[in-house]
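First up is the structure itself, then whatever we jot down about it.
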Amino acid sequence: MRKQHIFIYFISILFTISANSQEKLDTVKTKESYGIRIGLDISKPITSYLDDNTNGYEFVGDIRIFKNYYAAVELGFSNKTTIEDYLNFTTKGSYFKAGFNYNAYKNWKGMNNEIYIGLRYGLSFFNQTLNSYTPHV
459 MRKQHIFIYF
469 ISILFTISAN
479 SQEKLDTVKT
489 KESYGIRIGL
499 DISKPITSYL
509 DDNTNGYEFV
519 GDIRIFKNYY
529 AAVELGFSNK
539 TTIEDYLNFT
549 TKGSYFKAGF
559 NYNAYKNWKG
569 MNNEIYIGLR
579 YGLSFFNQTL
589 NSYTPHV
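Each residue of the sequence shown is one higher than the last, beginning at 459 in this note's numbering.
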């Protein structure tokens, strides 16, 4: 009788081990998006609103290339009149910046937050016009 109880005990242990090993993991795969993102730098319109002698806008855009790497482009123009004691001049022009961003933030599934490090190459075309000049004598 005792041998029968020991045999049943070992058989029940085998069934519990095999039952645990046959469980499948329940996972859901999520597809990550790789879309184009465009925006406006809000500091330029705010500065234009607060300072009558400054006007400018900057448009930004990027596209995700790899998991944490983005190609980035920025286009903008600026118009600023500077008034000094003996000098008054206006600076006008546009600029273009291109480069990449690296997202250093580790997101949870389904999140798209960014803390990024980036590098840009810039090209600008500005000219200055002298509005008035008073010699200091």
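All C-beta atoms in this analysis are idealised placements derived from N, C-alpha and C, irrespective of residue type, glycine included.
Item                                                                                                          : Value
Given Phe583 as reference, the closest of Gly568, Phe554, Lys564 and Asn571 once Cα atoms are compared        : Phe554
Boundaries (first-last residue) of the alpha helix (DSSP H) holding Ile500                                    : Run containing Ile500: none; DSSP gives neither H nor E here.
Outcome for Ser476 when other beta-carbon atoms lying within 10 angstroms are tallied against a minimum of 16 : Model confidence at Ser476 stands at a pLDDT of 48, short of 50, so the residue's coordinates are unreliable; what they give is reported in the following sentence. Counting Cβ neighbours within 10 Å, Ser476 comes out exposed, since fewer than 16 surround it.
Reduced DSSP secondary structure (H/G/I, E/B, other) of Tyr507                                                : helix
Cross-strand partners of Ile523 (DSSP beta bridge)                                                            : For Ile523, which the question treats as bridged, DSSP gives no partner whatsoever.
Same chain only: Cβ atoms within 8 Å of Asn478, ignoring 5 sequence neighbours per side                       : Caution is warranted here: a pLDDT of 49 is assigned to Asn478, below 50, making its placement in the model unreliable, and the coordinate value is therefore given only provisionally. Contacts found: none.
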